[in-house]
Amino acid sequence: MIKIYFKMFIRAFFIQALWNYERMQNIGFLFILKPFLYKIYLNKDKRKKALLRHTEYFNTHPYMANLIIAIIANLEQKMAKGSSNEKVSDISAVKSAMEGPLAAIGDSFFGGTLRPLAALISVFMLIFLKTSDSWFGAYNVLVPLLFIFLYNVVHIFVRYRLMFVGLIFDRESIVRLSKFDFKLLWKMGNVSKFIISAAALFLYLKVFGFGPAANSILPKITINIVFIYGIVLVLSIFVSKKFSPTFLFYATILTCIA
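Under our numbering, the sequence shown is numbered contiguously, ending at residue 626.
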């Protein structure tokens, strides 16, 4: 069974391979569970029903989906053995109840904390390497690779952890996840981003300074900062006037082109 679980873990990286506007990630979800369902359902009719019930709507953050997949796999195994009172409706209920909260957690952590933090660390390393010209010229190509490495080490670990926590603890893993202090994690991430940004700014000023060498650089930076804050201010006014997000999106694009 370990080989099947590992196959599910690898297949989970392709959950977004076949999106559709009607049921979103349902085919990707079924693709992940397929080898497991073939293993536990030897009867063709029962297997067909199991495959069909996982064509229903499913949409969550792709990195967090492994927890739902693991819990559903346990429920399917119990149903196949007939050793519990699990129903088909329980499977649908678990999926629909978990996909929303996990999507919110995934968006906040990966999009709002991990990605900016990994990018800041990479930028910090870029400026740090600039302090040594010999290193900067030879190794600056490693900076984007550092971002990819930092981001993927954490994200793959989270995928792995969620998969096997779900398999081991089943629905109890939901209770364990609910007890985790996500607010503290967001705060720690924000503090870390602030510290790294301050350190990067300090190094930047140390490298370029405020002298003649910086005169050609600092005005451009100042103009860009003013321009960005101007866009944010204008968009804030539009939001307060309840303009649609579509209007704001295209207005921003046209402003940048202009």
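Yeah, the Cβ is synthetic: ideal placement off N, Cα and C, and Gly gets one too.
Distance, residue j Cα to residue i Cα
{"i": "P430", "j": "G468", "result": "12 Å"}
{"i": "R544", "j": "L419", "result": "29 Å"}
{"i": "P403", "j": "G557", "result": "38 Å"}
{"i": "F496", "j": "A486", "result": "15 Å"}
{"i": "S460", "j": "L622", "result": "44 Å"}
{"i": "L530", "j": "D413", "result": "31 Å"}
{"i": "L553", "j": "N411", "result": "46 Å"}
{"i": "L470", "j": "S476", "result": "10 Å"}
{"i": "F517", "j": "G450", "result": "44 Å"}
{"i": "K551", "j": "A465", "result": "21 Å"}
{"i": "R527", "j": "N520", "result": "10 Å"}
{"i": "D549", "j": "L488", "result": "24 Å"}
{"i": "V456", "j": "K555", "result": "40 Å"}
{"i": "S560", "j": "D538", "result": "33 Å"}
{"i": "G479", "j": "E390", "result": "25 Å"}
Per DSSP, the bridge partner or partners of residue i
{"i": "N442", "result": "Paired residue(s): none; N442 is not in a bridge."}
{"i": "M392", "result": "N388, F426"}
Within 8 Å, strictly: CB atoms of residue i and residue j
{"i": "T423", "j": "N388", "result": "no"}
{"i": "I437", "j": "L401", "result": "yes"}
{"i": "V522", "j": "L482", "result": "yes"}
{"i": "A441", "j": "I383", "result": "no"}
{"i": "F399", "j": "R421", "result": "no"}
{"i": "I473", "j": "S541", "result": "no"}
{"i": "Y373", "j": "L535", "result": "yes"}
7 Å Cβ shell around residue i - same chain, five flanking residues per side excluded
{"i": "L386", "result": "I395, G396"}
{"i": "F525", "result": "none"}
Nearest-angstrom beta carbon gap, residue j and residue i [assumed within contact, 8 Å]
{"i": "V462", "j": "L443", "result": "7 Å"}
{"i": "M376", "j": "F426", "result": "With a Cβ gap of about 15 Å, M376 and F426 do not count as contacting."}
Own chain, CB closer than 8 Å to residue i, minus 5 neighbours either side, in chain order
{"i": "V509", "result": "none"}
{"i": "N583", "result": "Reliability fails at N583, whose pLDDT of 48 lies under 50, so the model's placement of it is uncertain and no value is given."}
{"i": "D458", "result": "L443"}
Proximal residues to residue i (C-beta, below 6 Å), its chain only, five neighbours per side dropped
{"i": "Y409", "result": "R415, A418, A448"}
{"i": "V511", "result": "S490, M493, L494"}
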